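K.L.:
Chains as they are written, first to last, in the working numbering: chain Z, 822 to 1600; chain Y, 77 to 338.
Backbone N, C-alpha and C fix where the C-beta goes; we use that ideal spot for every residue, glycine too.
Keep in mind the model is a prediction, meaning the values are calculated, not measured.
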Amino acid sequence: MLKSINLVAVFFFLLPGLSLAQQKKHITISGTIKDKATGETLPGATVSFLQLLGVGVSANSYGFYSVSVPEGSYTLLATYTGYSTETLHIELKANLQQNISLEASSNQLKEVKISSSNSSRSNNILVSPVGAQKLTVSDIRNVPVLLGEKDILKTIQLLPGIVAAGDGKSGFFVRGGDADQNLILLDEATVYNASHLLGFFSVFNSDAIKDIQIYKSGMPADYGGRLSSVEDIHMNDGNNRKFGMSGGIGLIASRLTVEGPLFDHKGSFIVSARRTYADLFTKLVPDTNVKKTVLYFYDFNLKGNYQVNKNNRIFLSGYFGKDYLQIRNADGINYGNSTATFRWNHIFNNNLFSNTSLIYNNFNYNTTYKSNINNITVASAITDYHIKQDFSYYLNSTNKLDVGLESIFHLTQPGAAVTSQTSKYNSVVLQKKYSLESAAYVSHEWTATDKLKITYGLRVSDLAVLGPGNFYTYDAAGGITSNNYYSGGKIVKNYINPEPRFAASYQLNDSSSIKLSYDRNVQNIHLLNNSTATSPTNVYLPSSNVVKPEIADQVAMGYYRTFHQNGIEFSSEIYYKTLQNQIDYKNGANLVGNENVEADLLFGTGRAYGWETYIKKKYGRLTGWISYTLSKSERKINGINNNNYYPASQDQTHHLSVVGLYQASKKWTFSADFVYSTGSPITWPDGKFPVDGSPVYDYGNRNSQRLSSYNRLDLGATLTVKKTRKVESSWNFSIYNVYGQSNPYTIVFQADPANMNKTQVQQTTLFKMVPSVTYNFKF
Amino acid sequence: MKNIPAFLIVFTIIITFSACTKTITPSLNNSTRLVIEGAVSDTAGPYHVSISKTANFYSDNVYPAVSGATVVITDVTTNITDVLTEAAQGDYVTHAIVGKPGDTYQMKVMLDGKTYTATSTMPNPVLLDSVTVDYEVSNNIRPTANYQDPANQKNYYKYSMQKNGIHVNHFQTFDDRLSNGRYIRDNLDCDTGTFHHGDMVKVSLVGLDAGAFNFLKEAEDVAYNNSNLVAPATPTSNITGGCIGYFSAQTVSSKTTVIKHF
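#1: Would you list, in chain order, the members of the segment 254 to 281 of chain Y that have their beta-carbon closer than 9 Å to a beta-carbon of chain Z?
#2: Going by DSSP in three states, residue 264/Y sits in which element: helix, strand or coil?
#3: Excluding the five sequence neighbours on either side, which residues of its own chain have a C-beta within less than 7 Å of the C-beta of residue 1337/Z, listed in chain order?
#4: Are residue 873/Z and residue 890/Z close, meaning C-beta to C-beta below 8 Å?
#5: Quick one: list the residues of chain Y neighbouring residue 1578/Z, beta-carbon separation under 7 Å, in chain order.
#6: Nearest-angstrom Cα distance between residue 1495/Z and residue 286/Y?
#7: Just to make sure I have the definition right: I need the residues of chain Z whose C-beta is within less than 8 Å of the C-beta of residue 245/Y. Which are they?
#8: Flag this pair as yes or no: are the beta carbons of residue 271/Y and residue 277/Y separated by less than 8 Å?
#9: For residue 995/Z, which residues in the same chain have their Cβ closer than 7 Å to its Cβ, ignoring the five residues on either side in sequence?
#10: Listed from N- to C-terminal order along the chain, which residues in the segment 179 to 197 of chain Y have their beta-carbon within a distance smaller than 9 Å of any beta-carbon of chain Z?
#11: Nearest to residue 1437/Z by alpha carbon, out of 1419/Z, 1484/Z, 1487/Z and 1385/Z?
#12: DSSP has residue 141/Y in a bridge; who is on the other side?
#13: Leaving out five residues before and five after residue 1285/Z in sequence, what residues of the same chain have Cβ atoms less than 6 Å from its Cβ?
#14: For chain Y, find out if any of its Cβ atoms is closer than 8 Å to the Cβ of residue 1165/Z; answer yes or no.
#15: If you follow the beta strand (DSSP E) that residue 208/Y is in, where does it begin and where does it stop?
#16: Report the residue ranges of all beta strand (DSSP E) runs contained in full by the segment 1341 to 1382 of chain Z; include only those spanning at least 3 residues, in chain order.
#17: Report the residue from 1587/Z, 1588/Z, 1576/Z and 1596/Z whose alpha carbon sits nearest the alpha carbon of residue 135/Y.
#18: Identify whether residue 1027/Z lies in helix, strand or coil by the three-state DSSP scheme.
#19: For residue 152/Y, report the span of its alpha helix (DSSP H) as first-last.
#20: Is there at least one Cβ from chain Z nearer than 8 Å to residue 339/Y's Cβ?
#21: Listed from N- to C-terminal order along the chain, which residues in the segment 1041 to 1075 of chain Z have their beta-carbon within a distance smaller than 9 Å of any beta-carbon of chain Y?
#22: Might you give, ordered along the chain, the residues of its own chain that have their beta carbon closer than 7 Å to the beta carbon of residue 201/Y, omitting 5 neighbours on each side?
#23: I believe residue 1028/Z touches residue 1067/Z by the beta-carbon criterion, under 8 Å. Please report the beta-carbon distance rounded to the nearest angstrom.
#24: Taking 8 Å as the CB-CB cut-off, is residue 1241/Z touching chain Y?
#25: Quick one: does residue 1467/Z have its CB under 8 Å from some CB of chain Y?
#26: What are the complete beta strand (DSSP E) segments, minimum 3 residues, inside the segment 168 to 245 of chain Y?
#27: Looking at the unbroken beta strand (DSSP E) that takes in residue 974/Z, where does it start and where does it end?
#28: List the residues of chain Y that residue 1523/Z touches, going by C-beta distances under 8 Å, in chain order.
#29: DSSP three-state label for residue 872/Z, please.
#30: In terms of DSSP beta bridges, what is residue 1325/Z paired with?
#31: Around the C-beta of residue 1085/Z, are 16 or more other C-beta atoms found within 10 angstroms, so that it is buried, or is it exposed?
#32: Does the CB of residue 1460/Z have a neighbour CB from chain Y at under 8 Å?
#33: According to DSSP, what are the bridge partners of residue 1082/Z?
#34: Would the segment 1565 to 1582 of chain Z count as touching the segment 1509 to 1516 of chain Z if we require 3 or more Cβ pairs under 8 Å?
#35: Around the C-beta of residue 856/Z, are 16 or more other C-beta atoms found within 10 angstroms, so that it is buried, or is it exposed?
#36: Spatial neighbours of residue 1402/Z within its chain, please: C-beta separation below 7 Å, excluding the five flanking residues on both sides.
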C-alpha cells in the first residue's frame, strides 16, 4: 500500500495544471453523506458553500466527499435530488470530519414551496460530464413498464441516445453502438447478460438497486473495456437504522426484500429475492405442448457492509440469477449470471480516499437439444477474476486526482458439448480461452476557475492473449495458414492501448453551461451473434491473434440550461464517433461449436453521429421528460455492400420518448410514456429462385430496407393505500402498448401454406396491449 | 438455436394472450438475376442443367426459363465432354456423360456473351442404411434417415424426399463437422401434416462436395430460417461469372418406407 502512495506522489509532479507550491493554509472538511432514515450513502450528493462561489464537490460512489477551503466560517449546503437540502454552519480552524445526513423529501410538492434559492436544488446537469446521466430508483418508480416490473435498465431506454433493441429483445444501443458495447456493472462486477427471459426483464431487481450512473461519453478514466457506454449500477447498502421488509406481488413475478442493521448499527445488510411464476400458469393450460413448457427465472441480491472504524468500511455484495426455458421435452436453455464483490474503503486522511475491490463474475449458458434419438447438452461460460485499486486524492478545493490499477483474468469456455450415445453429434470440448486485461489510469479533476472545470486523464489498457492453446491464422477464404501451440501462461499477443479522456464544462451563468469531451475506449471482449434471436448461446470471444481490440473515439459537445430555479433541465448534445475493428460475419458463418470461428469473421470500421435534446421537469405535480435523438450509425465492412458504408442495424434516424408523471392527489399518481422511432434497417429479398423446387430468396444490399416505424403508448396508475412512517402499501396498474400497435418482433418470408405456388410475408407482434397489476408493500 | 423466438411467443401468449401474427405486404425491390442449377450424379443419366431468371417475391413461383444457352459438362478426370441440348425451355440435358465417384466435373454455360463455370468433385458414396419414421409429434410425422458417416473423410449431405412418387418441396442439409464417424439418425423436417397413414416415402441421401454444400446450406437457412438471420444474404454460388445457383457432382442413395400410423 505504501508503494502505491509513493506512486500517487510521483503522479502529482508529472501532471500539468497542478502546482503544490500554490497551496495556502487550507482546511479540509470530509465525510460521508447519508440518508437520515436508512443510513444509505448518497453517491453524487453535492457539498457547496454559500460564501464560496464555484466551490463544490460531489460525493463519490461510496458517498465520501472531501473539500479543502481557506480557514473561516461557512454555511455548508449539502444537496441531493429528492432530498431536502441540509444547511450546516461550520467554523473551520482545523481539518474536520463531518458526516452529513439528508432527509428524503417525502412530498416533492412541498419542496417547491420551501425552496427559494437555486442552491437548494441540485443542478448537477451544469457540471457533470457531457453525456452523463444519473437515475435513482425513485426516479423510475412510477414510470409504466411491461408487466408492472419496474426496471431501471428498461427505463434508461427512454433517455436520449439510448435505444431499446425492440420488444422481446434484450440489449440496448447507445449512440449507434452494438448491444455488447455497453459496460454494465453491478457493484463494479461486469454483468455480461443483463436480461431475464431473453429480454422481457433486466436482471436488476429495483428493490435492491440504489441508482444507475450512465456515461454515453466523457467516461472517467477509471472505466474501460466497452466502446459505447457505461451503466454503473449500485446496490442498496441496506437500512442500518431499523429492520424492514418490502416487496411486491405481481401477475408474473413476486419480490421480497429484507434489510436491517448489523453489529450494533455499525453495519447493515439487504437481501432481495425475486421469482416469476409463469410456469405455474403453463401447468393449467390443457395443451400438452404448453403444459410441458418450462419458463421461469429467479434472482437474489445480497449485500452487507460493516464500518470497521472511522476510516475503514467493508462491503460484500453479490448477485445470483438463473433462467430456465424449455419447450416440451425438446430444446431448452438455462443461463445465469453470478457476481461477487468485496470492497474495502479506507480513508488515509481527510484528503486521501482508497478503495480496493476483489470481484468475481460469471455468466454461464447451457443449451439442451432433446429428442427421442438425439440428446445434446452444450455448456458455455465466461468467468472474470478481477482486482482493482483506486485512490482519490482531494488535493484542495480545486484539484482532485484519481489514480488506479486493475487487472482482470478472463476465462472463456466457448462450449463443451456432451452428446448421448445415439446422438448424431460427437461430444466436443472447444479450447478454453485465457486472457489478462490490465489497466492503469490517472485522472485530474481541475476546477480552473469558478466557471471552468476540466477533467483529463489517461487510461492505458493492455490485453495479453494467453496460452495454453492452439492459435491459428487464416487466409481471406478462411483456410488455415498456420497453427501454433502456446503452453500455459505464454503470451501469444499483447495489445497495449492508450485511452485519453478529456471533459470540460464551462458555466456561462447561474443557469447555463457548455461542455466538451473527447474519449477513446477499447474493447477486448466481443460478443458474436449473427442471429436476430437474443440467444444466450451467443459466443463471447476475447481479442486474439486474429481479432484485434475494438477502438472507439468520440467527441461530444453540449449546451445545458436550467429554468425555474433548476426545476426544469434542458440539454442539447451532439456527438461524433468513429469505430475501428468492428466485427461482422461471412455468409453461413458457424458460430457454434466451431474451433475456427475466427475464420468466419469479417472486420471493418464504423461511424456514428447525432444530436440529442432532453428537457426534464423535476418538480411539481406534473413531472417527466421529453427526449429526442436525431442520429446516424454506419458500418463499412470488408466484403459487405462492396465495402461501402451502410446503415448499421441499430441506426434509427428519429427517436422520441415522452414520459409524464402526474400526482393527482395523495392517493393517486398517473403516468404515461410514449415512444416513437424510425424503423430499423433490415435486409429483405429482391426476388426468389428455386432450389429443389423450394423458393429461396435473392437479397440485395445489406440493410437497404427499413421496418415500419416503432411506436407505443403505455399508461400507469399508482394507488397509495397507506403511507405512514411505518407502513407503505400501494397498487400499481399499467397497460403496455395501449392502442395495440403491431410492432414487429419477427418477419418471416415463407411459402404460403394456403397456396404452395406463392410466397408471403408474416409478421409476429409480441405485445399488443398488455395490462398488469402489482401490489407493493413496505414495513 | 432456432427455437428462441418460439420461446418468447409461447411465453407471451401464456402471459399476456397478446402475441399475434399477420400477413403483411411491405414493398420490395425486384431483381432479375440469372439462376443456374446443375447436377451430375452416380445414378443413371440424363442429367439436367436448368437455367432461369429470378421471379418477384409476390408473383407465383414460376421462374422465367432462359433458352439459347450453350451448356457443356466435362469429366475433367477422364476428359469426356458432353454438349447438352435444350430438351424443354430452360432445361438442358446430357447425352453421354456418366457420373462416377472421385471424378471432377466442369460445367460451362455460355449465354449472351458471358461464360459461367463451375467445377465439382463427386465424393465417395455414403449409403443410406434405412428410413424409419418419427411418430413422436402426431401432427408432424417425420421420416428419419439412418446411415453411418465415414470417419476418414469430410462429408457433406443433402436429403430429399418423395411422397408417393412426387417430389416434396423441402430440402435439408447436414455435414459431419461435428459428427465425423458417427452413426447418423436425422429427422427430416417437412411441413406439418405432410405425411399420413399409408403414404409411401422415399428418402434420398445425396453426397455433395464442399462448394455445392455451402450453397445449399446457406439456401436452406434463407428459405426456412430467414427471420432469425441478422443479415440474410443470397447464398454463395459455386459458379463463377455472376449468377445464382450451384453445380453439384453428387452421389445418391435412396430407401423407401411406408407410414403406418393410426
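P.N.:
Checking against the coordinates, here is how it stands:
#1: Hits within the stretch, in order: 254, 255, 256, 257, 258, 259, 260, 261, 262, 263, 267 and 268.
#2: For this step, residue 264/Y is matched to residue 188 along the second sequence. Three-state result, residue 264/Y: coil.
#3: Within the first sequence, residue 1337/Z is the residue found at index 516, counting from 1. Excluding positions up to five away in sequence, the list reads 951, 1325 and 1378.
#4: Against the first sequence, residue 873/Z aligns to sequence position 52. Against the first sequence, residue 890/Z aligns to sequence position 69. In this structure, residue 890/Z lies closer than 8 Å to residue 873/Z by Cβ.
#5: Taking the first sequence and counting its residues from 1, the one referred to as residue 1578/Z is at position 757. Chain Y residues near residue 1578/Z: 136 and 137.
#6: Numbered from 1 along the first sequence, position 674 holds the residue referred to as residue 1495/Z. Numbered from 1 along the second sequence, position 210 holds the residue referred to as residue 286/Y. Their Cα atoms are separated by approximately 51 Å.
#7: The residue labelled residue 245/Y in the question sits at position 169 within the second sequence. Among the residues of chain Z, those whose CB is under 8 Å from the CB of residue 245/Y are 1513, 1514, 1515, 1572 and 1577, following chain order.
#8: As a working mapping, residue 271/Y is identified with position 195 in the second sequence. As a working mapping, residue 277/Y is identified with position 201 in the second sequence. Yes, these two residues count as a Cβ contact at 8 Å.
#9: As a working mapping, residue 995/Z is identified with position 174 in the first sequence. Correct list, in chain order: 982, 983, 1003, 1037, 1049 and 1050.
#10: For the segment 179 to 197 of chain Y, the beta-carbon criterion of a distance under 9 Å to any beta-carbon of chain Z is satisfied by none of its residues.
#11: Reading the first sequence from its first residue, position 616 is the one you call residue 1437/Z. In terms of CA proximity to residue 1437/Z, 1385/Z leads the group 1419/Z, 1484/Z, 1487/Z and 1385/Z.
#12: Walking along the second sequence from the start, residue 141/Y turns up at place 65. Bridge partners of residue 141/Y according to DSSP: 128/Y.
#13: On the first sequence, position 464 is the one that residue 1285/Z refers to. Counting only Cβ-Cβ distances below 6 Å, and skipping sequence neighbours, we find 1257, 1312 and 1315.
#14: In the first sequence, counting from the first residue as 1, residue 1165/Z sits at position 344. No, because no Cβ of chain Y sits closer than 8 Å to the Cβ of residue 1165/Z.
#15: Position 132 of the second sequence, counted from the first residue, corresponds to residue 208/Y. Counting along the chain, residue 208/Y sits inside the beta strand (DSSP E) bounded by residues 204 to 210.
#16: Counting only runs of 3 or more, we get 1346 to 1349 and 1360 to 1363.
#17: Position 59 of the second sequence, counting from 1, holds the residue named residue 135/Y. The shortest C-alpha separation from residue 135/Y is found at 1576/Z.
#18: As a first step, residue 1027/Z is located in the first sequence; it is residue number 206 there, counting from the start. Note: residue 1027/Z maps to helix in three-state DSSP.
#19: Counting from one through the second sequence, the residue named residue 152/Y turns up at place 76. Element bounds for residue 152/Y: n/a, residue is neither H nor E.
#20: Within the shown structure, residues of chain Y are numbered from 77 to 338, placing residue 339/Y beyond reach of any answer.
#21: From the segment 1041 to 1075 of chain Z, only 1072 and 1073 have a Cβ closer than 9 Å to chain Y.
#22: Translated into the one-based positions of the second sequence, residue 201/Y becomes position 125. The beta carbon of residue 201/Y is closer than 7 Å to those of 118, 177, 283, 327 and 329 in its chain, skipping five residues each way along the sequence.
#23: One-based indexing of the first sequence puts residue 1028/Z at position 207. One-based indexing of the first sequence puts residue 1067/Z at position 246. The pair is a contact, with the Cβ atoms about 6 Å apart (cut-off 8 Å).
#24: By one-based count along the first sequence, residue 1241/Z stands at place 420. No, no contact with chain Y.
#25: Against the first sequence, residue 1467/Z aligns to sequence position 646. No Cβ of chain Y is located within less than 8 Å of the beta carbon of residue 1467/Z.
#26: Taken in chain order, the whole beta strand (DSSP E) runs of length 3 or more contained in the segment 168 to 245 of chain Y are 180 to 187, 190 to 197, 204 to 210, 218 to 224 and 232 to 239.
#27: Counting from one through the first sequence, the residue named residue 974/Z turns up at place 153. Premise fails: residue 974/Z lies in the alpha helix (DSSP H), 973 to 976, not in any beta strand (DSSP E).
#28: Position 702 of the first sequence, counting from 1, holds the residue named residue 1523/Z. Within 8 Å Cβ-Cβ: 307 and 309.
#29: The sequence position of residue 872/Z within the first sequence is 51, counting from 1. DSSP places residue 872/Z outside both helix and strand once states are collapsed to three, so it counts as coil.
#30: As a working note, residue 1325/Z is residue 504 in the first sequence. Looking at the DSSP output, residue 1325/Z shares a beta bridge with 1275/Z and 1337/Z.
#31: Reading the first sequence from its first residue, position 264 is the one you call residue 1085/Z. Label assigned to residue 1085/Z: exposed.
#32: Locating residue 1460/Z in the first sequence gives position 639, counting from the first residue. Look at residue 1460/Z: its C-beta is not under 8 Å from any C-beta on chain Y.
#33: Locating residue 1082/Z in the first sequence gives position 261, where the first residue counts as 1. Per DSSP, 1089/Z.
#34: Look at the beta carbons and you see the segment 1565 to 1582 of chain Z touching the segment 1509 to 1516 of chain Z: at least three pairs across the two are nearer than 8 Å.
#35: Position 35 of the first sequence, counted from the start, is the residue given in the question as residue 856/Z. Taking a 10 Å sphere around the C-beta of residue 856/Z, we find 16 or more other C-beta atoms and assign the residue as buried.
#36: Within the first sequence, numbered from 1, the residue matching residue 1402/Z stands at position 581. When the five nearest sequence neighbours on each side are left out, the beta carbons in the same chain lying within less than 7 Å of the beta carbon of residue 1402/Z are those of 1369, 1370, 1371, 1372 and 1424, in order along the chain.
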